[in-house]
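Report on the following structure.
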Amino acid sequence: MNGEKECKACGEKIDDLINTVYCFSCDALYCSNCLEKTLKSGSETWQCQICHKERSIDESKLFKAS
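Numbering of the sequence shown is given in this note's numbering, commencing with residue 1 and proceeding in unit increments.
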């Protein structure tokens with residue numbers, strides 16, 4: 001795979017790591033499109049599709065936008 005990252009949910013190649021979230025429990029990276037699908041209504045939390053734990057978006061970002 002040559003260092004390319006894939007979304008665990010949809011399998012698409014991820015080019016923009018700033019807009020992704022990562023579940024540290026199960027080593028799963030999610031693209032921004034799949035993140036939007038798992039966002040809890042009216043909150044800043046999302047649910048990992050593998051371990052089903054709720055995570056905050058801020059703690060799940062690999063990179064912080066400056």
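Ideal placement from N, C-alpha and C gives every residue a C-beta, glycine not left out. These figures come from a predicted structure and were not determined experimentally.
- In the DSSP annotation of this structure, the continuous segment of the beta strand (DSSP E) that includes S56 starts and ends at E54 to S56.
- Judged by their CB atoms, F63 and L35 are not nearer to each other than the 7 Å cut-off.
- Unbroken beta strand (DSSP E) stretches of 3 residues or longer found wholly inside the segment 13 to 57: 21 to 23, 28 to 30, 45 to 47 and 54 to 56, given in chain order.
- About 6 Å separates the Cβ atoms of I50 and K8, confirming a contact at the 8 Å cut-off.
- Within 10 angstroms of the beta-carbon of C26 lie fewer than 16 other beta-carbons, which makes it exposed.
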